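Numbering-wise, the sequence shown is residues -23 to -1, 1 to 89 according to mature numbering (1 follows the signal peptide of the UniProt record, and there is no 0).
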Amino acid sequence: MRKIVLPLAAAGALGVAVVPALAATKSVKVGDNYFVRSSGVPTVTVNAGDRVKWNFVGDSPHNVTVTKGPARFSSPTKTSGAYTKKVTKKGLYTIVCTIHGASDQSMKLRVR
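Here it is as structure tokens:
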């Protein structure tokens, strides 16, 4: 069996749809005084253009606030639900819950 390989321009001319890769969504758990897991400072890695969804599951109020990194963003304070952010600037972000502070609730977000 013989395969026919068309250059990208020819594929478009023939009416073949060229679809860019879809961005992924990475979920991060926000529990009582932790991100991801109950101990340590986790690092979550995503690609530029991906979305990060923080899911609030604890009983106490929390937020997601960038304290260091190539871009700044912050979620509302929540006890349930989710906050989603599309990250486009590459680099390493330090994220904390400003209610509980960096020593109790922090994480790193690496965008490549």
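The beta-carbon is built from N, C-alpha and C at its ideal position, and this holds for glycine as well. Note that this is a predicted model, so its numbers are computed, not measured.
- Straight-line measurement puts the Cα of S83 at about 17 Å from the Cα of T61.
- When C-alpha distances from G78 are compared across N32, N10, S16 and L69, the shortest belongs to N10.
- Per the coordinates, the alpha-carbon of L(-2) lies some 23 Å from the alpha-carbon of K6.
- In this structure, T54 is the residue among R49, G17, T42 and T54 with its C-alpha nearest to the C-alpha of D36.
- If you check the CB distance, S52 and V41 come in under 7 Å.
- Contact check for P47 and G26: beta-carbon distance about 14 Å, past the 8 Å limit, so the pair fails to qualify.
- The residues D27, in chain order, have a CB closer than 6 Å to that of A1 in the same chain once the five nearest residues on each side in sequence are set aside.
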